[in-house]
Every structure is written in C-alpha cells, then in structure tokens.
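Student: Numbers 515 to 712, taken from the numbering used here, label the letters of the sequence shown in order. Each residue gets a CB set at the ideal place from its N, CA and C atoms; glycine is no exception. Quick one: this structure, given as structure tokens, is what I'll be asking you about.
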Amino acid sequence: MKNDIEISLFFPPNSVVYSGGAPLCFQFSGTEAFSFRGVMENDKPITTMCAVIAMDHTSFCYKVCSICERTVSDNPSSSLCKFCNFNAFNPGSSSSKRVFRLLMSIATDKKVQTVICFDRAARVLFGCSADEFFDFAKLHPFAAEAVSEILEGEMFRITISKPKNGNAQHSRAVQVVPLSSGFQPAIFRLRELYGNKS
Numbered sequence: 515m516k517n518d519i520e521i522s523l524f525f526p527p528n529s530v531v532y533s534g535g536a537p538l539c540f541q542f543s544g545t546e547a548f549s550f551r552g553v554m555e556n557d558k559p560i561t562t563m564c565a566v567i568a569m570d571h572t573s574f575c576y577k578v579c580s581i582c583e584r585t586v587s588d589n590p591s592s593s594l595c596k597f598c599n600f601n602a603f604n605p606g607s608s609s610s611k612r613v614f615r616l617l618m619s620i621a622t623d624k625k626v627q628t629v630i631c632f633d634r635a636a637r638v639l640f641g642c643s644a645d646e647f648f649d650f651a652k653l654h655p656f657a658a659e660a661v662s663e664i665l666e667g668e669m670f671r672i673t674i675s676k677p678k679n680g681n682a683q684h685s686r687a688v689q690v691v692p693l694s695s696g697f698q699p700a701i702f703r704l705r706e707l708y709g710n711k712s
C-alpha cells in the first residue's frame with residue numbers, strides 16, 4: 515500500500531536534486547524553495563513534529579498477562595491467562611499487569627489526526643507505568659482528565675506507523691520525543707498538583 519507524503523526543502527540556486535529512482539513531482543515555490551510530493555513505499559513509518567490537541571481520558575489502559583502480554587479479562591475472577599495460567603505456577607505473584615493504550619489527537623503541519631499510543635510511547639508522556647497511574651487515579655479520580663489538560667499543546671517529534679492489525683482504525687505512535695527541554699511527564703505535574711510526592 516502506498517501513501518502520498520509532502521515534504522518541503524530549501525536548496526541553493528542551481529542545485530541538482532536526484533530522486534534515487536522514486537517518482538517525484540517538483541513544483542517551484544520560490545527563489546530557493548521547492549516542494550515535492552513523493553510516495554512512501556511499504557508503509558514505512560513517518561517521523562514528524564506535532565502538537566497534542568486532546569487525549570481520550572476515559573479509557574487509557576488495559577490488562578495483559580504478565581508473562582506473554584496477551585490481553586486478559588479485567589474481571590479479577592477470570593483474569594488468568596488462558597495460555598500461561600500464570601497463577602498456577604506462581605500462586606503468590608500477580609497474573610496480570612496494566613499497559614497503556616491511549617488515543618490522542620495530534621496536529622502536524624499537514625493535518626489533524628488521531629493516533630494510538632501503546633505502552634512504550636505512552637510511558638514517555640506519563641512518566642510511569644500504567645499500573646502506577648491506575649493506582650494514582652483511584653486516589654485522584656480526575657487525574658486522567660488532568661493529564662489531557664497537561665499534555666494539550668505540548669510539542670513532540672513523533673514516529674507514526676500503519677497499524678499491524680488490518681481492522682485497526684488509527685495509526686500507531688511508535689516513538690514520542692518531547693521537543694521542549696522543560697517537558698515534565700504528566701505524573702510529576704500531577705504530584706505537584708495534588709501535593710503527592712510519592
């Protein structure tokens with residue numbers, strides 16, 4: 515599957531730009547500026563800069579098996595992994611853990627879109643594990659809503675890839691890097707807000 519991408523570059527006068535075999539349509543847009551539209555082959559991830567517009571704070575995590583990380587039921591009475599049956603071998607250990615699955619609206623220089631952040635990318639935003647945040651949110655019921663407000667307007671360099679599941683609706687944010695040197699993960703801001711230093 516191919517996806518159109520647009521890139522703007524600035525070149526000195528009389529520069530020669532080689533396409534490397536990729537079909538590129540050039541459009542002169544100024545004395546030294548060129549814009550071109552290319553084709554992204556093989557659904558390779560795209561890295562771009564973005565601003566966070568909003569976050570879905572109603573559902574930000576789910577439970578998985580602690581061993582194989584397959585999804586398990588949120589019901590405590592049936593949370594054993596059908597593949598690992600973890601508790602049968604480790605009765606004193608937890609059979610599951612929570613991981614992030616966060617829907618987020620972002621704005622790039624091209625469009626506004628919704629992306630999904632799974633655990634590794636979301637931990638950069640939150641600064642803690644999903645279990646830690648879940649426990650914090652139980653004590654502070656509006657914490658998730660506050661995270662959405664904290665992250666709104668923050669700038670990131672984000673790498674977006676097509677979903678692995680063909681039925682998925684949203685692209686995946688596979689890497690998130692804050693652009694502000696003063697960025698603080700949400701959990702630190704929340705602890706300041708609620709006066710909880712733990």
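By alpha-carbon positions, which one of 620, 660, 571, 675 ends up nearest to residue 667?
Tutor: Mapped onto the sequence shown, residue 667 falls at position 153. Taking only the C-alpha atoms, the option nearest residue 667 is 620.
Student: Does the contact criterion of 3 or more C-beta pairs under 8 Å hold for the segment 652-666 versus the segment 677-695?
Tutor: no
Student: Here's the rule: buried if 16 or more other CB atoms are within 10 angstroms of the residue's CB, otherwise exposed. What is residue 582?
Tutor: Here residue 582 corresponds to residue number 68 of the sequence shown, with the count starting at 1. Around the beta carbon of residue 582, fewer than 16 other beta carbons lie within 10 angstroms, which makes this residue exposed.
Student: Under 8 Å by Cβ, that's how I've got residue 614 and residue 633 pegged, so tell me the actual separation to the nearest angstrom.
Tutor: Numbered from its first residue, the sequence shown carries residue 614 at position 100. Numbered from its first residue, the sequence shown carries residue 633 at position 119. 5 Å between Cβ atoms; contact.
Student: Helix, strand or coil: which one does DSSP assign to residue 647?
Tutor: Taking the first residue of the sequence shown as position 1, residue 647 is located at position 133. Residue 647 falls in the helix class under three-state DSSP.
Student: Can you look up residue 577 in the DSSP assignment and give me helix, strand or coil?
Tutor: The residue given as residue 577 occupies position 63 in the sequence shown. Correct three-state label for residue 577: strand.
Student: Under the assumption that residue 616 contacts residue 636 (Cβ atoms under 8 Å), give the Cβ distance between them as a whole number of angstroms.
Tutor: Sequence index remark: in the sequence shown, residue 616 carries index 102 (1-based). Sequence index remark: in the sequence shown, residue 636 carries index 122 (1-based). The Cβ separation is near 5 Å, so the contact holds.
Student: Using three-state DSSP, classify residue 586 as helix, strand or coil.
Tutor: Stepping through the sequence shown from its first residue, residue 586 is reached at position 72. Note: residue 586 maps to coil in three-state DSSP.
Student: Flag this pair as yes or no: are the beta carbons of residue 565 and residue 669 separated by less than 7 Å?
Tutor: On the sequence shown, residue 565 is found 51 positions in, with the first residue counted as 1. On the sequence shown, residue 669 is found 155 positions in, with the first residue counted as 1. Closer than 7 Å, so yes.
Student: Among 650, 588, 584, whose alpha-carbon lies nearest the alpha-carbon of residue 598?
Tutor: As a first step, residue 598 must be located in the sequence shown, where it is residue number 84. Minimum Cα-Cα distance from residue 598 among the listed residues 650, 588, 584 corresponds to 584.
Student: Skipping 5 residues on each side, what residues in its chain have a beta carbon closer than 6 Å to that of residue 577?
Tutor: The residue you call residue 577 lines up with position 63 of the sequence shown. Same-chain partners within the cutoff: 586, 588, 610, 612.
Student: Quick check for students: name the residue ranges of the alpha helix (DSSP H) that lie wholly in the segment 610-657, counting only runs of 4 or more.
Tutor: 633-640, 644-653
Student: Nearest to residue 572 by CA position, among 657, 650, 579, is which residue?
Tutor: Position 58 of the sequence shown, counted from the first residue, corresponds to residue 572. Among 657, 650, 579, the Cα nearest to that of residue 572 belongs to 657.
Student: If I'm right that residue 685 touches residue 638 with Cβ under 8 Å, what's the distance once you round it to whole angstroms?
Tutor: Residue numbering aside, residue 685 sits at position 171 when the sequence shown is read from its first letter. Residue numbering aside, residue 638 sits at position 124 when the sequence shown is read from its first letter. At roughly 17 Å, the Cβ-Cβ gap does not stay under 8 Å, so residue 685 and residue 638 are not in contact.
Student: So, at 6 Å on beta carbons, what are the nonlocal neighbours of residue 627 in its own chain, with the 5 sequence-adjacent residues on each side left out?
Tutor: For the purposes of this step, residue 627 is taken as residue 113 along the sequence shown, with counting starting at 1. Nothing listed; no residue qualifies.
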